[in-house]
Amino acid sequence: MTQPAVKPFPDGTHSRTPLLTCAGAADAIEFYTKAFNAVELSRVPGPGGKLMLAMLWIGNSALALTDEFPEWGGFGPKSLEGSPVTVHLYVENADAAVEQAVAAGAKITVPLADMFWGDRYAQLEDPFGHRWSIGTHMRDSSPADFSGVPVLTHFLTKEPRP
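This note's numbering applies: residue 52 is where the sequence shown begins, and numbers increase by one.
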């Protein structure tokens, strides 16, 4: 009897799954559960009581977490004094989602507003230094809709890089 083929992506995952490094991954799981209604799927314990890997589910997507492991080059944004990465969440109600995240301990870095690209949108920083954006898509738009936005005019009128 032949074995069933192994799927290239585990059930429920997509081709991209962010892996966030946190100083205190167990506390981060608690925060993400309160802030974003995350569901914990699994934990893999590591040395010294740290988490090697935890898998969460937020909305319809997976999120992986790990504790900091400086000995292996694993640092979170607090240790690095910031992060250039923002994790975006599309939600049904951005106002309620931002309020919930702030109540759980997130800080607003870009206030909630209706954006020119059609989303109700805000940016937050979580207690572990990770940046998040939250949006609800309110209307469809096209690049032509952006022509009056001064900061984008330069980029939209230039030829793309090869």
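Glycine included, C-beta positions come from ideal geometry on N, C-alpha and C.
Which of helix, strand or coil does DSSP assign to T204? Within the sequence shown, numbered from 1, the residue matching residue 204 stands at position 153. Only weak support exists for where T204 lies, its pLDDT of 49 falling under 50; the value from the coordinates is given anyway. DSSP places T204 in helix when its eight states are reduced to three.
What three-state label does DSSP hand V153 in the structure shown? Taking the sequence shown and counting its residues from 1, one reaches residue 153 at position 102. For V153, the three-state secondary structure derived from DSSP is helix.
Given a threshold of 16 other Cβ atoms within 10 Å of its Cβ, counted over all protein chains shown, does I80 qualify as buried or as exposed? In the sequence shown, counting from the first residue as 1, residue 80 sits at position 29. Under this definition I80 is a buried residue.
Runs of 4 residues minimum, wholly inside the region 94-164: which ones carry the alpha helix (DSSP H) assignment? Those alpha helix (DSSP H) runs which fall completely within the region 94-164 and span 4+ residues are 128-131 and 145-155.
Are the beta-carbon atoms of A164 and W183 separated by less than 9 Å? As a position in the sequence shown, residue 164 is number 113, starting the count at 1. As a position in the sequence shown, residue 183 is number 132, starting the count at 1. With a cutoff of 9 Å on beta-carbon distance, A164 and W183 are scored as not near each other.
Could you pull the start and end residues of the beta strand (DSSP E) that T72 belongs to? Taking the sequence shown and counting its residues from 1, the one referred to as residue 72 is at position 21. Where T72 is concerned, the enclosing beta strand (DSSP E) stretches over L70 to C73.
Excluding sequence positions up to five away, which residues of its chain have a Cβ less than 6 Å from the Cβ of T204? Working through the sequence shown from its first residue, we reach residue 204 at position 153. Note that T204 scores 49 on pLDDT, short of 50, meaning its location in the model is unreliable and no value can be drawn from it.
T187 in three-state terms, based on DSSP: Within the sequence shown, numbered from 1, the residue matching residue 187 stands at position 136. Shown here, T187 sits in a strand according to DSSP, grouped into three states.
Three-state secondary structure assigned by DSSP to A173: Within the sequence shown, the letter at position 122 stands for residue 173. In this structure, A173 counts as strand in the three-state DSSP scheme.
Option nearest A154 by Cα separation, candidates P96, N88 and L71: For the purposes of this step, residue 154 is taken as the residue at position 103 of the sequence shown. When each option's Cα is compared against that of A154, the closest is N88.
Whole angstroms are fine: how far does the CA of T53 sit from the CA of V142? Sequence index remark: in the sequence shown, residue 142 carries index 91 (1-based). Sequence index remark: in the sequence shown, residue 53 carries index 2 (1-based). The alpha-carbon separation between V142 and T53 amounts to approximately 42 Å.
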